[in-house]
Amino acid sequence: MGPDMRLMIDANHGYDVLEAVELGRRAADFDIDWFEEPVIPEQLSAYRAVRAGQPIPVAGGETWQGRWAMKEPLETRCIDILQPDLCGTGGFTEMRRIMDMATLAGVRLVPHVWGTGVQIAASLQFMAALLPNPPRVNPIEPILEFDRTENPFRQAILTRPIEHVNGIVAIPDGPGLGIEIDRAALEEFRPKDL
């Protein structure tokens, strides 16, 4: 991969505590940036046990909805990196509130991004407006989770798909979210009469 690439583990809450701790310990020598959703997200005590039992920073929050769901994880520091989903957690205003909470708690925020080009564009606009989190002299470059799995709907509905070039994604610069919806393509995905 080379030194300029960063590697994360996303377990999609596929492990129990013992398995996650073991994996984290074994993977620690590979300079892993974070261990995302190692255990089921509803068990914050399991997150705390994984965080305490292995050295890789723990990330989570994509399924936690709204600032109230973020309160306990931030207060108890069961995560090192908070990953709320802009569309799933209440939009720009709620994400800004969550960002403020994470900043006050000293927890890094990296938005979860999954879904359509509209969600990618919205998340890019949100990320572009963020101050460095945590505040520091040498800020950490924002990271966009850019789904590459097969999904024809994701980019087809945009007149200009959002792409990455050498790992960098340009922020759309048109009005609003910076994108334009391809109405004809959108029509192709409309459910047909049975």
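Numbering of the sequence shown is given in full-length UniProt numbering, commencing with residue 1 and proceeding in unit increments. Backbone N, C-alpha and C define an ideal beta-carbon position, used for all residues, glycine too.
In this structure, L177 lies near A121, with their beta-carbon atoms less than 8 Å apart. Residue burial is scored here from C-beta neighbours: V21 has at least 16 other C-beta atoms within 10 angstroms and is therefore classed as buried. A straight line joining the alpha-carbon of M95 with that of P57 spans about 22 Å. According to the DSSP assignment, G60 belongs to the beta strand (DSSP E) that extends over V58 to G60.
DSSP, reduced to helix, strand and coil, places M5 outside both helices and strands of the structure shown, so it counts as coil. Around the beta carbon of W34, 16 or more other beta carbons sit within 10 angstroms, so the residue counts as buried. Cβ neighbours of W64 within its own chain (closer than 8 Å, five residues either side excluded): P41, M70, P73, P84 and T89. In summary, M99 is buried, with 16 or more beta-carbon neighbours lying within 10 Å of its beta-carbon over all protein chains present.
In this model, R154 and G115 are separated by some 6 Å (Cα to Cα).
Annotation note: the stretch 133 to 172 contains the following uninterrupted alpha helix (DSSP H) runs of length 4 or greater, listed N- to C-terminal: 152 to 156.
Exposure of L186 is indicated by the presence of fewer than 16 other C-beta atoms within 10 angstroms of its C-beta.
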